[in-house]
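Each residue of the sequence shown is one higher than the one before, starting from 109 at the first, in the numbering used here. The beta-carbon is built from N, C-alpha and C at its ideal position, and this holds for glycine as well.
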Amino acid sequence: MKIIRFVFLFCINLSVCYAAYSQQNKHVSLGTKQGGIALGMPTLYYGIVLSPISPRATQNSTLYGMVLSSKIHANMLAGFGLSFVDMSARLYGVSSSLVCNVNNIYGVATSLYHTATRSNGVAIGLGFMRGIHRGLSASLINYSETKGFKIAGFVGNNHVKGVQIGGVLMGESRGIRIALCNAKFSHSGVCMGVINSSTVLRSSSGYYGGTFGLSLGFINAGYNSGGYQIGIINSIRESIRPRIIQLGAVNFAKVAEKSLQIGIINSNGLGVNCKQIGILNIQRSNRWLFKIVPFYNVTRVD
109 MKIIRFVFLF CINLSVCYAA YSQQNKHVSL GTKQGGIALG MPTLYYGIVL SPISPRATQN
169 STLYGMVLSS KIHANMLAGF GLSFVDMSAR LYGVSSSLVC NVNNIYGVAT SLYHTATRSN
229 GVAIGLGFMR GIHRGLSASL INYSETKGFK IAGFVGNNHV KGVQIGGVLM GESRGIRIAL
289 CNAKFSHSGV CMGVINSSTV LRSSSGYYGG TFGLSLGFIN AGYNSGGYQI GIINSIRESI
349 RPRIIQLGAV NFAKVAEKSL QIGIINSNGL GVNCKQIGIL NIQRSNRWLF KIVPFYNVTR
409 VD
């Protein structure tokens, strides 16, 4: 509906701005420099600007009114902008475009393809979004670096320190994540989902990444992780931090030191001072011998 209305407005403005196009898109003002209607964009304007033809007519200008253009390249847009491409330096108002490449957003920006550099306001995209967001960002595919609030269907980002809500969330997070599936590279906050998984990468200095916060879900799987796992099935392949707590029906830990497992079935591989509370406790010693102890067990080093 927005696209149909957008095309309809542009068709009307094409007939109005034909005179400006015939004069090589020179600025033709129908009012004063402080108000009225302008074909093109003066340096400073408070009225309505119609420039659907010339992509350079809005370059290096300041607008406090409304602009309808194929491409907005204003120095500052503090009003309302409707365009195909918005490349304004600063946005303090509302911008609706197909492609948003605003340098700094302090207002509201809606677009299909969002590549703004920084956003401190509200960014709404229907397709792809990236950049640095400290406010609210909502998009179907969101690869932005967020320190605020994010809503997305799929998120693949590197740094998030705020709140994320979506279908599939990926990347590093230090805040709160609520999703159907959380595929975490590194997480030190609260993670809630049906499936929560984490992994690590290896560099010349060693391993980095993992989960060190709270994972709350149906299945919690951690590689080189720490923190707390609360769910039906909890699994930790290797723990690089002590005092891991697993609370669920089935708990698995391959290598975990100073961990606590509470559940129906608890399995612990190679670990030191690992406590198990459950119906069936399985442990493996350093001599590769398995032993099953009911109710309560403490791992001993052989």
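### Query
Does DSSP put Ser196 in a helix, a strand or coil?
Ser196 falls in the coil class under three-state DSSP.
### Query
If you run the structure through DSSP and keep just helix, strand and coil, what is Leu147?
Unreliable placement is indicated for Leu147, whose pLDDT of 46 sits below 50; the coordinate value is still reported in the next sentence. Leu147: strand per DSSP, three-state reduction.
### Task
Check each candidate in Tyr172, Met195, Gly279 and Ser178 and name the one with the smallest Cα separation from Phe188.
That would be Tyr172, whose Cα lies nearest to the Cα of Phe188.
### Query
Among all the DSSP beta bridges, which residues are the ones paired with Val302?
Looking at the DSSP assignment, Val302 forms no beta bridge with any residue, so it has no partner.
### Task
Since I believe Ile385 is in contact with Ile372 (beta carbons under 8 angstroms), could you give me their beta-carbon distance rounded to a whole number of angstroms?
Not quite, the Cβ-Cβ distance comes to about 10 angstroms (not below 8 angstroms), so this is no contact.
### Task
Consult DSSP for Lys412 and reduce its assignment to one of helix, strand or coil.
With the chain running from 109 to 410 in the structure shown, residue 412 is simply not present.
### Message
Among the candidates Gly235, Ile303, Asn250 and Lys255, whose CA atom is the shortest distance from the CA of Ser341?
### Response
As written in the sequence, residue 341 is Ile, which differs from the Ser given in the question. Per the Cα distances, Ile303.
### Residues near Gly233 in its chain [Cβ-Cβ closer than 6 angstroms; skip 5 each side]
Ser219, His222 and Ser247.
### Query
Cα-Cα, which of Gly377, Asn381, Tyr331 and Ser323 is closest to Gln354?
If we check each option's Cα against that of Gln354, Ser323 comes out closest.
### Supposed close pair Ala291, Val271 - CB separation, criterion 8 angstroms
With a Cβ gap of about 18 angstroms, Ala291 and Val271 do not count as contacting.
### Query
From Gly321 to Leu176, what distance separates their C-alpha atoms?
Separation of Gly321 and Leu176 (C-alpha to C-alpha, rounded to the nearest whole angstrom) is 48 angstroms.
### Query
Considering only C-alpha positions, which residue in the set Gln337, Tyr331 and Lys179 is nearest to Glu346?
Ranking Gln337, Tyr331 and Lys179 by Cα distance to Glu346 puts Tyr331 first.
### Message
Please identify the residue among Val207, Asn183, Ala217 and Ser203 whose C-alpha is closest to the C-alpha of Leu190.
### Response
Nearest of Val207, Asn183, Ala217 and Ser203 to Leu190, Cα basis: Ser203.
### Query
Can you tell me whether DSSP reads Arg238 as helix, strand or coil?
In the three-state reduction of the DSSP assignment, Arg238 falls in the coil class.
#### Entry: Separation of Gly335 from Phe257, as counted between CA atoms
Whole-angstrom Cα-Cα distance: 24 angstroms.
### Message
Is it buried or exposed, Phe326, if we count other Cβ atoms within 10 angstroms and call 16 or more buried?
### Response
The residue is exposed, with fewer than 16 neighbouring Cβ atoms inside 10 Å.
### Message
Only counting the same chain, and skipping five residues up and downstream in sequence, which positions put a Cβ closer than 7 angstroms to that of Gly377?
### Response
These residues qualify, in order along the chain: Ala361, Lys362, Val363 and Arg392.
### Query
Terminal residues of the continuous beta strand (DSSP E) containing Thr225?
Counting along the chain, Thr225 falls outside any beta strand (DSSP E), and DSSP gives it neither H nor E.
### Task
May I ask which residues mark the beginning and end of the beta strand (DSSP E) holding Ser247?
Ser247 -> beta strand (DSSP E) spans Leu244 to Asn250.
#### Entry: Proximity winner among Ile352, Glu365, Cys382 and Asn328, relative to Val358 (alpha-carbon distances)
For Val358, the nearest C-alpha among the options comes from Asn328.
### Task
Can you say whether Gly235 is buried or exposed, counting buried as having 16 or more other CB atoms within 10 angstroms of its CB?
Classified as exposed, Gly235 has fewer than 16 neighbouring CB atoms from the shown chains inside 10 Å of its CB.
### Whole-angstrom distance between Ser178 and Leu122, CA atom to CA atom
Bear in mind that the predicted position of Leu122 carries a pLDDT of just 40, short of 50, making it too unreliable to give a figure here.
### Query
What's the gap between the Cα of Ile390 and the Cα of Ile273?
Rounded to whole angstroms, Ile390 to Ile273 spans 37 angstroms at the Cα level.
### Query
How would you call Thr225, buried or exposed, if buried means at least 16 neighbouring beta carbons within 10 angstroms?
The residue in question, Thr225, is exposed, as its Cβ has fewer than 16 Cβ neighbours within 10 Å.
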